[in-house]
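Residue numbers (this note's numbering), protein chains in the order written: chain A, 1 to 165; chain B, 1001 to 1165. This report refers to the structure that appears directly beneath it.
Here it is in structure tokens:
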């Protein structure tokens, strides 16, 4: 049987203790505010090493506030007409869209992707994520990467991939 | 500028190559079928080491088909009235609900969680996920863990946590 619930912290309870702070290596919940923003999580610039990107923001959801797991979870959002850098690196990506629709390119493959699709980008495959010009809302996705990883480098074309080689 | 799209693989295209298979360490897309199932991804038993759970299924989304990243991404779904094992282990969990509503307990904290919330379970905190008896749909969540991790062991109570210690 499940243990009884001692304290339900979704809403303030008179006399209940404060929930854990967002920073530190203790269990915690980072609240989704309902509009693809999270309480206490700032929007950050995309932070690519090149200027070859447009209209994209980043939110660090897990891994940068004292958590000890070996991977980071981020939320990226691309405005209509925007795109990430066409880049490559040795570390892998696992991307799961949760808002809107977009395009994922790796090598010569282009996929239109939407909620729940799982995109795996293998080591060193050039890749890019885009939101169409005529999209009615931003394209937002979770992106998981190893905590220890190499820096991306810009790619000068779609490169080779599973079917190009 | 983004590179041009050579092949759009969301729908079959006459003359287009087959998309990459689901198994292997190459870039790929695992398609969400629109109802919290994924093409080619079987539903599996929960696989807990104890019988202290109820009404929960597992789908392996990334990490078990040749991908090389240092973490696994799974989708768990709990039927109304069901729950995971109350357990603890040294490895961390990052859980993000994407379907329905549920409860997440770690130590003496209980949170009601829903779409987009981020639950971080710190090392060795007893924890459990539950779907209420009166829920109108299953409680489904992404769960990310290190690829190399210790086995869970059943906990005999909510244990201690950030506020209990």
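For each residue, glycine too, the CB sits at the ideal point set by N, CA and C.
- Collapsing the DSSP output to three states places residue 1124 (chain B) in coil.
- Contiguous beta strand (DSSP E) elements confined to the region 1008-1096 of chain B occur at 1028-1030, 1054-1062, 1071-1083, taking only those with 3 or more residues.
- Residue 1112 (chain B) has B:1103 as its beta-bridge partners, per DSSP.
- Contact check for residue 73 (chain A) and residue 61 (chain A): beta-carbon distance about 5 angstroms, within the 8 angstroms limit, so the pair qualifies.
- Chain A has no Cβ within less than 8 angstroms of the Cβ of residue 1088 (chain B).
- Burial check for residue 110 (chain A): the Cβ neighbour count within 10 Å reaches 16 or more, so the residue is buried.
- For residue 159 (chain A), there is no enclosing beta strand (DSSP E), as DSSP gives it neither H nor E.
- For residue 1143 (chain B), the enclosing beta strand (DSSP E) starts and ends at 1139-1146.
- Nearest C-alpha to residue 1099 (chain B) among B:1079, B:1108, B:1089: B:1079.
- Closer than 8 angstroms to the CB of residue 1043 (chain B) there is not a single CB belonging to chain A.
- With a threshold of 8 angstroms between beta carbons, residue 115 (chain A) makes contact with chain B.
- DSSP places residue 1149 (chain B) outside both helix and strand once states are collapsed to three, so it counts as coil.
- Around the beta carbon of residue 92 (chain A), a 10 Å sphere encloses 16 or more other beta carbons of the protein chains shown; the residue is thus reported as buried.
- Listed in chain order, the positions of the region 53-84 of chain A with a beta carbon within less than 7 angstroms of a beta carbon of chain B are 61, 62, 67, 68, 69, 70, 71, 73, 83.
- For residue 114 (chain A), the closest C-alpha among the options A:53, A:30, A:131, A:126 is that of A:131.
- Nearest neighbour of residue 1083 (chain B) by Cα position, chosen from B:1027, B:1043, B:1146, B:1104, turns out to be B:1104.
- The beta-carbon of residue 1141 (chain B) is placed no less than 8 angstroms from the nearest beta-carbon of chain A.
- In this structure, the straight-line span from the alpha carbon of residue 148 (chain A) to that of residue 70 (chain A) is close to 7 angstroms.
- A residue is called buried once 16 or more other Cβ atoms fall within 10 Å of its Cβ, and residue 1136 (chain B), having fewer, is exposed.
- Taking 8 angstroms as the upper bound on Cβ-Cβ separation, chain B lies near residues 118, 119, 120, 121, 122, 123, 125, 127, 128 of the region 118-129 of chain A.
- When the five nearest sequence neighbours on each side are left out, the beta carbons in the same chain lying within less than 7 angstroms of the beta carbon of residue 90 (chain A) are those of 123, 124, 150, in order along the chain.
- Nearest CB-CB separation between residue 107 (chain A) and chain B: below the 8 angstroms threshold.
- Taking a Cβ-Cβ cut-off of 8 angstroms, the neighbours of residue 1104 (chain B) in chain A comprise 29, given in sequence order.
- Listed in chain order, the non-local C-beta contacts of residue 43 (chain A) below 8 angstroms within the same chain comprise 37, 57, 58, 59, local neighbours out to five positions each way being set aside.
- Chain A has a Cβ within less than 8 angstroms of the Cβ of residue 1092 (chain B).
- The Cβ atoms of residue 1034 (chain B) and residue 1077 (chain B) lie no closer than 8 angstroms to each other.
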